[in-house]
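S.K.:
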Amino acid sequence: MAGPWEPLTPAEEEASTLSGRGIGKNYPGSLITRAYDLPPSLVTQLRTAAIRVSEEPLAELEELGLLYNSLDYTEDEQEQRAELVEKVFSAPRIVRQALERYGPWPPDERPPSAPPEAPKTSPE
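Position 100 of the sequence shown, counted from 1, bears residue number 97 in the numbering used here, the numbering being contiguous throughout.
(1) Please report the Cβ distance between P54 and L35, rounded to the nearest whole angstrom; I am assuming they are in contact, meaning their Cβ atoms lie under 8 Å.
(2) Excluding the 5 residues preceding and the 5 following I38 in the sequence, name in chain order all residues of the same chain whose CB lies nearer than 8 Å to its CB.
(3) For the alpha helix (DSSP H) containing R126, list its first residue and its last residue.
(4) For my contact list, P4 and T45 are in at a C-beta cut-off of 8 Å; report their separation, rounded to the angstrom.
(5) Alpha carbon to alpha carbon, what distance is there between K84 and L57?
(6) How is R107 classed by DSSP in three states: helix, strand or coil?
(7) By the three-class DSSP mapping on this structure, what secondary structure does D34 have?
(8) Just how far apart, CA to CA, sit P103 and F86?
(9) Taking the alpha carbon of E97 as the reference point, which residue from P89, A111, G62, A88 has its own alpha carbon closest?
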């Protein structure tokens, strides 16, 4: 999410708020469904970062006519689309990766991609 990023244009802002319209590969693995309240400023920052880091693959998908999933694509088109979608970071994908890596996790769940746990020190 590091920036600074150019602010979203009105058209990008509108497109970024359409539920379920963002292209993006799900992060591998599964997370337990959790609900979080995010401040609106963070949501805007997430959407902006997602669009800005994904501009090139999204432009290429649009140029090739592969922006939307279709059953009419040839096998080559499906493979090409899958490769480009892998490079797209949606806001939910960014959040899933952050949660996977940095938590918070339930006490019995620590994903393999999480940073090593700091050694516990005993009080002296």
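Glycine is no exception: its CB is placed at the ideal position from the N, C-alpha and C atoms.
M.R.: In brief:
(1) Not confirmed; about 25 Å, so no contact.
(2) As written in the sequence, residue 38 is Ser, which differs from the Ile given in the question. For S38, where only same-chain residues beyond five positions count, there are no Cβ hits under 8 Å.
(3) Limits of the chain in this structure are -2 at one end and 121 at the other, which puts residue 126 out of reach.
(4) For a cut-off of 8 Å, the C-beta gap from P4 to T45 is around 7 Å, short enough to register as a contact.
(5) Looking at the sequence shown, residue 57 is not Leu but Glu. C-alpha separation (whole angstroms): 11 Å.
(6) Coil.
(7) If DSSP states are grouped into helix, strand and coil, D34 belongs with coil.
(8) Cα to Cα, the separation comes out at about 26 Å.
(9) Nearest of P89, A111, G62, A88 to E97, Cα basis: A111.
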